[in-house]
Amino acid sequence: MAYELPDLPYPFGALEPFIDEQTMKIHHDKHHSAYIDKLNGALEKFPDFQGMEIGELLSSLDSLPEEIKQTVRNNGGGHYNHGLFWEIMAPNLAKEPKGNLKKAIARDFGSFEKFKSDFGALAANFFGSGWIWLLEENGKLKIEAWPNHDNIRIYKLKAKDILILDLWEHAYYLKYQNRRPEYIEAWWNVVNWEEAEKKFLISNFSSFAPR
Ligand code: MN
């Protein structure tokens, strides 16, 4: 069973004007798709690892054959992260979290505004390609910025993914070129807080399982 590209949960142009249609098309159909092809290609000769849930595969990098370890880390991480990224965006939504997540953000960051500004500053200043995350670990929310396609499963953290923002230039260059802070600011308009709240409330750390 090979890994498959999940459909976007909304049309390519749905996040306009904040994230443009062409960027979404290329990002999903070319970039995410290529990660999956390379991941499947790497695993071709190793059927033992082919049926694994993607997060589980990433947590098992140590047991993979040396020759495919890095390829699986890069491309499997790319598959996991993009699957999550598509899910936590949507058009025309509430601009703020509510309920339990809202309370937890206020508890751990002081206020929603403070959280946004901390997250945005770290994202704007992160050097090179990577992702910025809102996670829950040990009952506390935290912001992390990690390079390449690394994530909680690669690092074997007992943590929950809540939000994720792609900082690779392919995520914003067509519309924003070198203006990464504008992309970050625009992105807040398409955050799916309802989905983030769902991820915050799950009890199983590894329940996110795209294929
Ligand atoms: Mn990307």
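Residue numbers (the working numbering): 3 to 213. All residues carry an ideal CB built from backbone N, CA and C; glycine is no exception. Note that the coordinates shown come from a computational prediction; the quantities given were computed from them, not determined experimentally.
According to DSSP, is residue i helix, strand or coil?
{"i": "ASP163", "result": "strand"}
{"i": "VAL168", "result": "The amino acid at residue 168 is misidentified as Val; the sequence shows Asp. ASP168 falls in the strand class under three-state DSSP."}
{"i": "ALA4", "result": "coil"}
{"i": "ILE267", "result": "Given a span of 3 to 213 for the chain in the structure shown, any question on residue 267 remains unanswerable."}
Just how far apart, CA to CA, sit residue i and residue j?
{"i": "PHE111", "j": "LYS104", "result": "10 Å"}
{"i": "TYR185", "j": "HIS29", "result": "15 Å"}
{"i": "VAL74", "j": "ASP50", "result": "14 Å"}
{"i": "ASN140", "j": "ALA161", "result": "7 Å"}
{"i": "ASP163", "j": "ILE204", "result": "10 Å"}
{"i": "PHE202", "j": "ILE38", "result": "27 Å"}
{"i": "GLU171", "j": "ARG109", "result": "33 Å"}
{"i": "PHE87", "j": "LEU41", "result": "18 Å"}
{"i": "TYR175", "j": "PHE121", "result": "20 Å"}
{"i": "PRO8", "j": "GLY85", "result": "7 Å"}
{"i": "ALA92", "j": "GLU18", "result": "10 Å"}
{"i": "GLN179", "j": "MET54", "result": "37 Å"}
{"i": "ILE56", "j": "GLU46", "result": "15 Å"}
{"i": "ALA16", "j": "LYS177", "result": "15 Å"}
{"i": "ASP22", "j": "GLY130", "result": "22 Å"}
{"i": "ASN150", "j": "GLY132", "result": "5 Å"}
{"i": "HIS34", "j": "LYS100", "result": "31 Å"}
{"i": "SER119", "j": "LEU136", "result": "13 Å"}
{"i": "ASP64", "j": "LEU167", "result": "27 Å"}
Tell me whether residue i, by its Cβ, gets closer than 8 Å to a heavy atom of the ligand MN.
{"i": "PHE81", "result": "Before going on, a small fix: residue 81 reads as His here, not Phe. Incorrect: HIS81 has no Cβ contact closer than 8 Å to the ligand MN."}
{"i": "PHE14", "result": "no"}
{"i": "ASP168", "result": "yes"}
{"i": "ALA147", "result": "no"}
{"i": "ALA92", "result": "no"}
{"i": "PHE87", "result": "yes"}
{"i": "ALA44", "result": "no"}
{"i": "ALA173", "result": "yes"}
Taking residue i and residue j to be in contact with their CB atoms under 8 Å, please state how far apart those CB atoms are, rounded to whole angstroms.
{"i": "ILE134", "j": "LEU124", "result": "6 Å"}
{"i": "GLU83", "j": "ASN153", "result": "As written in the sequence, residue 83 is Asn, which differs from the Glu given in the question. At roughly 6 Å, the Cβ-Cβ gap stays under 8 Å, so ASN83 and ASN153 are in contact."}
{"i": "LEU60", "j": "ILE156", "result": "5 Å"}
{"i": "ARG182", "j": "ALA96", "result": "About 25 Å; that fails the 8 Å criterion."}
{"i": "ALA44", "j": "ILE70", "result": "4 Å"}
Under 9 Å, Cβ to Cβ, is there at least one residue of chain B near residue i?
{"i": "ALA16", "result": "Here there is only one protein chain, and chain B is not present."}
Item to check | Those runs of the alpha helix (DSSP H) which lie wholly inside the segment 70-157 and span at least 4 residues | outcome: The segment 70-157 contains these whole alpha helix (DSSP H) runs: 101-111, 114-127.
Checklist entry - Fully enclosed by the segment 35-76, which alpha helix (DSSP H) runs are 4 residues long or longer? => result List check, alpha helix (DSSP H) in window: 35-45, 56-61.
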